[in-house]
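The structure appears right after this line, and notes come after that.
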Amino acid sequence: MSLGLPVATMINCADNTGAKNLYIISVKGIKGRLNRLPSACVGDMVMATVKKVNAGVIVNPKGEMKGSAITGPIGKEYADLWPKITSAANAIV
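Throughout, our numbering is defined as the position within the sequence shown, counted from one, plus 8.
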């Protein structure tokens with residue numbers, strides 16, 4: 009699985025919370041190496057700030073979704089890691 013979302017990446021928000029763009033500021037649970045930017049992949053939880061468009065879902069620290077619906081498909085890896093959020097998705101890729 010490729011780590012395609014490094015820190016300082018702008019992604020689209022895929023739920024209906026009202027946020028449009030998210031800016032990744034850190035990746036949860038990453039133990040890295042000196043001077044290497046941490047990266048996230050499908051299913052990783054990241055800490056992000058809301059900016060004014062790739063896709064993400066806003067969750068609270070317990071892992072529960074803040075919005076009530078997800079627009080667009082989600083990855084199979086994501087579905088295996090977060091079953092509560094998967095139930096709100098309309099398609100799994």
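From the three backbone atoms N, C-alpha and C, an ideal C-beta is built for every residue, glycine too. Remember, it's a predicted structure, so these values are computed and weren't measured experimentally.
Based on Cα-Cα distance, which residue from the options lies nearest to residue i?
i, options, result
"residue 49", "14, 88, 97, 92", "14"
"residue 10", "41, 51, 26", "51"
Tell me the DSSP bridge mates of residue i?
i, result
"residue 23", "78"
"residue 48", "13"
"residue 57", "31"
How far does the alpha helix (DSSP H) with residue i in it reach, from first residue to last?
i, result
"residue 87", "84-89"
Given residue i, which residues of its chain have a CB within under 7 Å of its CB, disregarding the five upstream and five downstream residues?
i, result
"residue 17", "32"
Whole angstroms is fine: what's the gap from residue i's alpha carbon to residue j's?
i, j, result
"residue 44", "residue 53", "18 Å"
"residue 12", "residue 46", "10 Å"
"residue 23", "residue 67", "10 Å"
What are the boundary residues of the beta strand (DSSP E) that includes residue i?
i, result
"residue 70", "First-last for residue 70: undefined, no H or E at that position."
Output needed for residue i: all residues of its chain with C-beta closer than 6 Å, excluding positions within five of it in sequence on either side, in chain order.
i, result
"residue 25", "66, 74, 75"
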